[in-house]
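**Student:** Read left to right, the sequence shown gives residues 98 to 570 (the numbering used here).
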Amino acid sequence: MKLYNTLTHQKDEFVPNEPGKVSMYTCGPTVYHFAHIGNLRTYIMEDILDRYLRYSGYEVKRVMNITDVGHLTSDADEGEDKMLKGAKREKKTVMEIAQFYTDAFFEDCKKLNIKKPEVVAPATQCIGEFIKVIKKLIEKDYAYEAGGNIYFDTSKLRQYYVFHNFEEEDLQDGVREGVEKDDNKRNKADFVLWFTKSKFDDQELKWNSPWGVGYPGWHIECSCISMKHLGERLDIHCGGIDNAFPHHTNEIAQSEAYLGHKWCNWWMHVLHLNTNSGKMSKSSGEFLTVSLLESKGYDPLAYRYFCLQSHYRKSLVFTYENLDNATAAFEKLIARIASLDPNDGTVDSEKFESLKAGFVEAMDNDLNTSLAITALYDVLKADANGATKLALIENFDTVLCLDLMAKAAKKREEDAVANADPEVIAKIEALIAERAEAKKERNFARADEIRAILTDMGVILIDTKEGTKYKFA
Ligand code: AMP
Ligand code: ZN
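1) In chain order, what residues of the same chain have a beta carbon less than 8 angstroms from the beta carbon of N284, not counting five sequence neighbours either side?
2) Would you mind sorting S451 into buried or exposed? The rule is 16 or more other CB atoms within 10 Å of its CB.
3) So for W360, helix, strand or coil by DSSP?
4) Smallest Cα separation from N340: which of G125, T565, F111?
5) When the Cα of T190 is compared with those of K212, V128, R148, which residue comes out closest?
6) So what's Y567 in DSSP terms, helix, strand or just coil?
7) Let's see if you can read the secondary structure: which residues bound the alpha helix (DSSP H) around Q196?
8) Do you know offhand how far P439's Cα is from D518's?
9) Are D299 and T221 close, meaning C-beta to C-beta below 8 angstroms?
10) What are the boundary residues of the alpha helix (DSSP H) that I547 is part of?
11) What's the gap between the Cα of F384 and the Cα of Y395?
12) Put G275 into one of helix, strand or coil per three-state DSSP.
13) Is it the case that the CB of D200 approaches a heavy atom of ligand 1 more closely than 7 angstroms?
14) Could you tell me the alpha carbon to alpha carbon distance between I529 and D512, rounded to whole angstroms?
15) Give the single residue among P116, E204, M98, N114 whose Cα lies nearest to the Cα of K108.
16) Between the region 495-506 and the region 419-438, do at least 3 Cβ pairs fall closer than 8 angstroms?
17) Please classify K486: is it buried, with 16 or more other beta-carbons within 10 angstroms of its beta-carbon, or exposed?
18) Go ahead and label G135 buried or exposed: buried means 16 or more other beta carbons lie within 10 angstroms of its beta carbon, across all protein chains shown.
19) Should R509 and A423 be called a contact, given that it needs their Cβ atoms to be closer than 8 angstroms?
20) Looking only at its own chain, which residues have a Cβ that is under 8 angstroms from the Cβ of E391, when we skip the five neighbours before and after it?
Right, dumping it as structure tokens:
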């Protein structure tokens, strides 16, 4: 399997540290607001990587942090704490909004079939780990105290800008625009490991540390949480492209300074989802969430399909027109799958393997989901029986996770009802009404009799809170 690595700037053959096992770390959400669908593009594509590794036979252990402290409005060390800003906005405590938006995040993930990682670790529960690592960085002379804060000294590294050869001056404009210069820093690129001298004294969450009462910087949390759960050598670290600098660059600096050796081999970055007017935002323009899409009648999995239609290393533009097109294509795909007959033959293993090869080839090539979907259409077009085609679709969908089989089965049922003789439908509905009446009168013998008549007619009853529904067997 070839996977693009931001460290080497090329697609490399993926080889984990330990044969057959993969350790994977994902930067989790900052839980000060709902996730927008751009954030969720990143999580969908990371989910695809996780699932494809498992599909390829690897045992995967995945860890995700929850950022509930330390992430400032600038990704560098300036601005206001995003959590505090969220708490003020909603007149709640930081921990209340952290819990609310963590739950909301996983609800969104569920709707998009994004699997929950094996370990989910809120930063506020790992303070001891952060202090341990910062202490050692000071001992090793990689960190210093200035003006009450603890800073990482980037001048001690052989190479700080690992992903790109940034010009420091460009960085100042690009990343730290509009924020004050921190005079405590010995070098412009230095970053905070521990804050005590807060610009915002109303910071709610503070902890004791050897350097005074304070709170951790954002970058240290991912290094520590990853090392705690996945050890000293990490296979893959993922995030959106905006995380590459300064967040991941700082993670590498502090982790490798602490460990004294290389830490993570693979860096996977997902390009952004943008709107026509540019960057996706939670504060300006329409705040695009999964719930908003649902309220407009979109199936969240149509959004997943929309994301899978393009490669994760290309930026993607969201418009309702694009989503409408994806939705139409998704519905057409489901209708085509629904038209396959599961009772048409048995699985032809030779055809199965040769058609599966197209999917594997696409996914092995740096997770080319767009070509993987083409491979799915190749199955539909292939000269093979229904059973073989459906087995392949079910197999591919363990990675794509678009609920293709369940949606096709539902469509088949709906079509059966829609295509049934109106006289038969009227008879079924009359019998269902009579059964409900019989049950009301506690005449269970008659109710059972009616059920038996309907079963003979090939009708399966489904009792729900909203009344009895039915489908054809
Ligand atoms: P945050 O909650 O801001 O920490 O971001 C969560 C994840 O979403 C991170 O991996 C970001 O890199 C990623 N992200 C932020 N904006 C976008 C976007 N417009 N498109 C794709 N991913 C994004
Ligand atoms: Zn992170």
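Beta carbons: idealized from backbone N, C-alpha and C, even for Gly.
**Tutor:** In short, the structure shows the following:
1) D250, T251, S252
2) The residue in question, S451, is exposed, as its Cβ has fewer than 16 Cβ neighbours within 10 Å.
3) coil
4) G125
5) That would be V128, whose Cα lies nearest to the Cα of T190.
6) Of the three classes helix, strand and coil, the one that applies to Y567 here is strand, per DSSP.
7) 191-208
8) When rounded, the distance between both Cα atoms is 23 angstroms.
9) no
10) Here the alpha helix (DSSP H) through I547 covers 541-553.
11) 16 angstroms
12) Confidence at G275 is low in this model, with a pLDDT of 41, below 50, so its placement is unreliable and the value that follows should be read with caution. G275 falls in the coil class under three-state DSSP.
13) The answer is no for D200.
14) 20 angstroms
15) M98
16) Contact between the region 495-506 and the region 419-438 is established, with three or more Cβ pairs separated by less than 8 angstroms.
17) A residue is called buried once 16 or more other Cβ atoms fall within 10 Å of its Cβ, and K486 is buried on that count.
18) buried
19) Not a contact, by the Cβ cut-off of 8 angstroms.
20) K208, P397
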